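Visitor: Residue numbers (our numbering), protein chains in the order written: chain R, 1 to 382; chain D, 1001 to 1247. Cβ coordinates follow ideal geometry from the N, Cα and C atoms, glycine included. Remember, it's a predicted structure, so these values are computed and weren't measured experimentally. Mind looking over this structure? Questions follow.
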Amino acid sequence: MNNPKSKQPKPSSQFIAFFKKEFRYIFRDTWTMIILLILPILMLILFGLGISTEIRNTRVAVFDPSRDVATQQIVNSLSTSEYFIIDHYLSDISEVEQTLKKGDIGIIVVFEPRFNENLNRGNATVQLIADGSDPNTASTLVNYATAIINSSPIVTGNAPTQIGTPLPRIHCEIKLLYNPTMKGTYNIVPGVLGIVLMLICTLMTSVAIAREKETGSMEVLLVSPIKPITIIMSKTTPYLILSLFNLTSLLLLSVFVLKVPIVGSLVLLIGLSLVFIFVCLSLGVLISIIAPSQIVALLVSAVIGVILTLMLSGMIFPIENLPLVLQWLAQIIPAKWFIEAARNVMIKGAGIAAIAKELTVLGGMALFLLALSVKKFNKRIE
Amino acid sequence: MKNAVIQVENLTKRFGDFTAVDNISFEVEKGEIFGFLGANGAGKTTAMRMLCGLSNPTSGGGTVAGFDISQQSEEVKKHIGYMSQKFALYEDLKVWENMRLYAGIYGVPRKKISEIIDKMLVSLDFESEKNTLVKELPLGWKQKLAFSVSIIHRPEIVFLDEPTGGVDPASRRQFWELIYKAASDGITVFVTTHYMDEAEYCNRVSIMVDGRIDALDTPTNLKRQFEAVSMDEVFTKLARGAKRGDN
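Encoded structure:
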């Protein structure tokens, strides 16, 4: 016989052959390439600059019956911030409604009469009126304006004439740590990273493996001496490499274009991302094993990887504000843990000890998903 | 039979109450072209899956290339080739890339690969198509290529699952020339088909009805036994007794 029995195909050569094939497939498909390489960058720019929750250059109208040094300083603080432009002063309080209705004014600041005297007594009030028909924008504007007013020198008491004066004078104080300029992009970058890695590792991987099942090539592979683990490894590795490429491009973009610095250790951030990528790949493999076709794999991955992640990861809606049931559900969303930890590392400069919990949870998820995949895969062969 | 490369004894596969393969026994000799016939749902595919180590028998068993199909399925896989009707080759890969992939999967030594690919392209008269994407080839060419790829590692046995489905008669004849050539090189060919004219090309033919093998002999003997002029008539006479629907 021309086929000696000792012949054992080397898993490494099988891996290389299969891996090359997978890469050729990805590179030959223009649309896949666009999705994989351009979409993440578009997403970051879109989320980071376009529909970010921050508002720049909002026009402000002021009603100021006091016209004293305190109101003047507060108005100055508002106008020197990059978020607000003082548009005009109202001559009468009755103009408020009409002004908002016109729509070009985002927020109206209404001072009380004798503001400075009240401020010195410690019970000054400012009324902020915003257009509630767009509640998100309105509350963001109010938050920004409140923060700026509260940090205005005349209010904090740091104005040169006020040194030594006891504080506080205004009761409600909003303190923004770690993101003192209130840039929305600080939250957006870790969020987009989470979504993009989910998209590439989970969605693309699950579709790629489901395609082998659908076209019948999986059967041909299962009859060959290649081991299931080699198939899975060579299917996932190209996406691992692509996601590392994306990780690099997104981090460069966020540092140099969006001006979001990486305060913490870059090595730790990359390590964290690798653990998360591992979770996403395992999830993708699991979905592809369960899903009977590419379209099912695509839908399941899209729902879990994109929609649930967008909604429940804390990227857009703070998790604390969600209904209790959704808060529980959020705990099993891998991106939630990743985004939280990535935020801590990137913005607060947290060390490994501070994100140990998130790392443990993510690691646990990866092992669980992988174990489940291997179990399901073996069953499927039978 | 002294030179049997496939030996099957009382092979049975049940899915719940349904007996897909019912106690079949047969042997296939080295270098033989063995036709495995049956209507849809007769149990051909299930039987073939067990022989390829994809599925475990409920009872009974057998050996393929000298390895036990339930205990040593990984060894079996190294010594067989497989070609399915559903999937032939990766459409978005070039001809040589497909060859390269399967050579890698089947552990063909790296130094030999390009030599084997070149030889194969010459023997198929495909040299000009080396860099063509498979999806641009006509179906008949794809099937010929897929067959050549399935024996790229010189297996002892090649399993062909309806290899010529949907192919025009001229291409089918060319395809069978390749099968004869492989058989003369000592590769045993185990082929399922529902083209009865192809059954005439086989050395021996088995016909499955309702999970059982109801007939097994050379085409000539079968025709004599069933007093038929063609394999088609043999098949019709046998299949008339089938209880399972032709799904």
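At which residue ranges does the stretch 45 to 95 of chain R contain complete beta strand (DSSP E) runs of 3 or more residues, listed in the order of the chain?
Guide: If we require 3 residues or more, the beta strand (DSSP E) runs fully inside the stretch 45 to 95 of chain R come out as 58 to 63 and 84 to 89.
Visitor: Pull out every residue of the stretch 199 to 215 of chain R whose Cβ sits closer than 8 Å to any Cβ of chain D, in chain order.
Guide: Cβ contacts with chain D: T215.
Visitor: Once the 5 residues before and after K376(R) are set aside, which same chain residues still bring their CB inside 6 Å of it?
Guide: Translated into positions along the first sequence, residue 376(R) becomes position 376. Once the five neighbours on either side are set aside, the close Cβ partners of K376(R) are I289.
Visitor: In whole angstroms, what is the alpha-carbon distance linking V1205(D) and G1060(D)?
Guide: Residue numbering aside, residue 1205(D) sits at position 205 when the second sequence is read from its first letter. Residue numbering aside, residue 1060(D) sits at position 60 when the second sequence is read from its first letter. Cα to Cα, the separation comes out at about 22 Å.
Visitor: Which of helix, strand or coil does DSSP assign to N246(R)?
Guide: Numbered from its first residue, the first sequence carries residue 246(R) at position 246. Helix at N246(R).
Visitor: Out of curiosity, what's the CA-to-CA distance linking V1229(D) and S1070(D)?
Guide: Within the second sequence, the letter at position 229 stands for residue 1229(D). Within the second sequence, the letter at position 70 stands for residue 1070(D). For V1229(D) and S1070(D), the distance between alpha carbons rounds to 40 Å.
Visitor: Would you kindly work out how many angstroms separate the C-alpha atoms of Y1201(D) and T1218(D), rounded to a whole number?
Guide: Here residue 1201(D) is taken as the residue at index 201 of the second sequence, counted from 1. Here residue 1218(D) is taken as the residue at index 218 of the second sequence, counted from 1. The alpha-carbon atoms of Y1201(D) and T1218(D) are separated by roughly 10 Å.
Visitor: Give the straight-line distance between the Cα atoms of F1018(D) and E1227(D), rounded to the nearest whole angstrom.
Guide: Within the second sequence, the letter at position 18 stands for residue 1018(D). Within the second sequence, the letter at position 227 stands for residue 1227(D). About 33 Å.
Visitor: Given that a residue counts as buried once 16 or more other Cβ atoms are within 10 Å of its Cβ, and exposed if not, what is N246(R)?
Guide: Residue mapping note: residue 246(R) aligns to position 246 of the first sequence, counting from 1. Counting Cβ neighbours within 10 Å, N246(R) comes out buried, since at least 16 surround it.
Visitor: Just checking my contact of S282(R) with L369(R) at CB under 8 Å: how many whole Å lie between their CB atoms?
Guide: In the first sequence, residue 282(R) corresponds to position 282, counting from 1. In the first sequence, residue 369(R) corresponds to position 369, counting from 1. Yes, S282(R) and L369(R) are in contact; Cβ-Cβ is about 4 Å, under 8 Å.
Visitor: Consult DSSP for K21(R) and reduce its assignment to one of helix, strand or coil.
Guide: Taking the first sequence and counting its residues from 1, one reaches residue 21(R) at position 21. Residue state, collapsed to three classes: helix.
Visitor: Are three or more beta carbon pairs between the stretch 83 to 95 of chain R and the stretch 56 to 67 of chain R nearer than 8 Å?
Guide: The stretch 83 to 95 of chain R vs the stretch 56 to 67 of chain R: in contact.
Visitor: Take L362(R) and list the residues in its own chain whose beta-carbon comes closer than 7 Å to its own, dropping the five residues that flank it on each side.
Guide: Sequence index remark: in the first sequence, residue 362(R) carries index 362 (1-based). Result list for L362(R): V275, F276, V279, P334, W337 and F338, in chain order.
Visitor: Is it right to say Q98(R) is buried, meaning 16 or more other beta carbons lie within 10 angstroms of its own, or is it exposed?
Guide: Indexing the first sequence from 1 puts residue 98(R) at position 98. Q98(R) should be labelled exposed.
Visitor: If you measure from the beta carbon of R1014(D) to each beta carbon in chain R, is any gap under 8 Å?
Guide: Your numbering for residue 1014(D) matches position 14 in the second sequence. Answer no: the Cβ-Cβ gap between R1014(D) and chain R never drops below 8 Å.
Visitor: To be precise: take each residue of the stretch 267 to 280 of chain R, compare its Cβ to all Cβ atoms of chain D, and keep it if any distance is under 8 Å. Which residues remain?
Guide: Those would be none; no residue qualifies.
Visitor: Short of 8 Å Cβ to Cβ, which residues in the stretch 219 to 236 of chain R face chain D?
Guide: Flagged, chain order: E219, V220, L221, L222, V223, S224, P225 and I226.
Visitor: Enumerate, from N- to C-terminal direction, the unbroken alpha helix (DSSP H) stretches of 4 or more residues contained entirely within the stretch 1011 to 1055 of chain D.
Guide: Runs found: 1044 to 1051.
Visitor: Does the separation of the CB atoms of V1191(D) and I1033(D) fall below 8 Å?
Guide: What you label residue 1191(D) is simply residue 191 of the second sequence in a count that begins at 1. What you label residue 1033(D) is simply residue 33 of the second sequence in a count that begins at 1. Cβ distance < 8 Å, so V1191(D) and I1033(D) count as in contact.
Visitor: Classify Y239(R): buried if its beta carbon has 16 or more other beta carbons within 10 angstroms, exposed otherwise.
Guide: Numbered from 1 along the first sequence, position 239 holds the residue referred to as residue 239(R). With 16 or more other Cβ atoms within 10 Å, it is buried.
Visitor: Taking Cβ-Cβ distances shorter than 9 Å, what residues in chain R pair up with R1100(D)?
Guide: What you label residue 1100(D) is simply residue 100 of the second sequence in a count that begins at 1. Near R1100(D) (Cβ distances below 9 Å), the residues of chain R are A17, K20 and K21.
Visitor: Per DSSP, which residues does G1062(D) bridge with? Please list them.
Guide: Here the question's residue 1062(D) lines up with position 62 in the second sequence. In the DSSP output, where bridge partners are listed per residue, G1062(D) has V1008(D).
Visitor: Assess contact between the stretch 1110 to 1120 of chain D and the stretch 228 to 237 of chain R, defined as three or more Cβ pairs (one per stretch) separated by less than 8 Å. Is contact present?
Guide: Flag = no, the stretch 1110 to 1120 of chain D and the stretch 228 to 237 of chain R do not touch.
Visitor: Measuring alpha carbon to alpha carbon, tell me which of E22(R), A124(R) and E358(R) ends up nearest L272(R).
Guide: The residue you call residue 272(R) lines up with position 272 of the first sequence. Out of E22(R), A124(R) and E358(R), E358(R) has the C-alpha closest to the C-alpha of L272(R).
Visitor: Look up R1212(D) in the DSSP assignment and give the residues it is bridged to.
Guide: Taking the second sequence and counting its residues from 1, the one referred to as residue 1212(D) is at position 212. Beta-bridge pairing links R1212(D) to V1209(D).
Visitor: Determine the extent of the beta strand (DSSP E) in which L329(R) is found, giving its start and end residues.
Guide: For this step, residue 329(R) is matched to residue 329 along the first sequence. Not the beta strand (DSSP E): L329(R) falls in the alpha helix (DSSP H), residues L324 to Q331.
Visitor: Starting from Q294(R), find everything on chain D with Cβ-Cβ shorter than 7 Å and list it in chain order.
Guide: Numbered from its first residue, the first sequence carries residue 294(R) at position 294. Those do not exist, as Q294(R) stays about 14 Å from chain D at its closest Cβ, beyond 7 Å.
Visitor: So which residues on chain R does K1077(D) lean against when the C-beta distance must stay under 9 Å?
Guide: In the second sequence, counting from the first residue as 1, residue 1077(D) sits at position 77. Within 9 Å Cβ-Cβ: L222, V223, S224, P225 and I226.
Visitor: Taking one C-beta from the stretch 1172 to 1179 of chain D and one from the stretch 1010 to 1030 of chain D each time, how about it: are there three or more such pairs within less than 8 Å?
Guide: Flag = no, the stretch 1172 to 1179 of chain D and the stretch 1010 to 1030 of chain D do not touch.
Visitor: If you draw a straight line from the C-alpha of V1134(D) to the C-alpha of L1222(D), how long is it?
Guide: Sequence index remark: in the second sequence, residue 1134(D) carries index 134 (1-based). Sequence index remark: in the second sequence, residue 1222(D) carries index 222 (1-based). Roughly 39 Å separates the two Cα atoms.
Visitor: Kindly indicate if chain D contains any beta-carbon less than 8 Å away from that of N2(R).
Guide: Within the first sequence, numbered from 1, the residue matching residue 2(R) stands at position 2. The predicted model places N2(R) with a pLDDT of 41, which falls under 50 and marks its position as unreliable, so this point remains unresolved.
Visitor: Measuring only between beta-carbons, confirm whether G1104(D) sits less than 8 Å from chain R.
Guide: Your numbering for residue 1104(D) matches position 104 in the second sequence. Cβ-Cβ to chain R under 8 Å: yes for G1104(D).
Visitor: Residues of the stretch 1086 to 1097 of chain D with a CB closer than 7 Å to any CB of chain R: list them in chain order, please.
Guide: Answer set for the stretch 1086 to 1097 of chain D: K1086, F1087, Y1090, D1092, L1093 and E1097.
Visitor: Shorter than 8 Å from the beta carbon of S1059(D) to some beta carbon of chain R?
Guide: For the purposes of this step, residue 1059(D) is taken as residue 59 along the second sequence, with counting starting at 1. No, no contact with chain R.
Visitor: Is S288(R) close to chain D? Criterion is C-beta to C-beta, closer than 8 Å.
Guide: As a first step, residue 288(R) must be located in the first sequence, where it is residue number 288. No - not a single Cβ of chain D is within 8 Å of the one on S288(R).
Visitor: Mind listing the chain D neighbours of P9(R)? Cutoff is C-beta to C-beta under 9 Å, in chain order.
Guide: The sequence position of residue 9(R) within the first sequence is 9, counting from 1. Going along chain D in sequence order, the residues near P9(R) (Cβ under 9 Å) are K1078, G1104, I1105, Y1106, G1107, V1108 and H1153.
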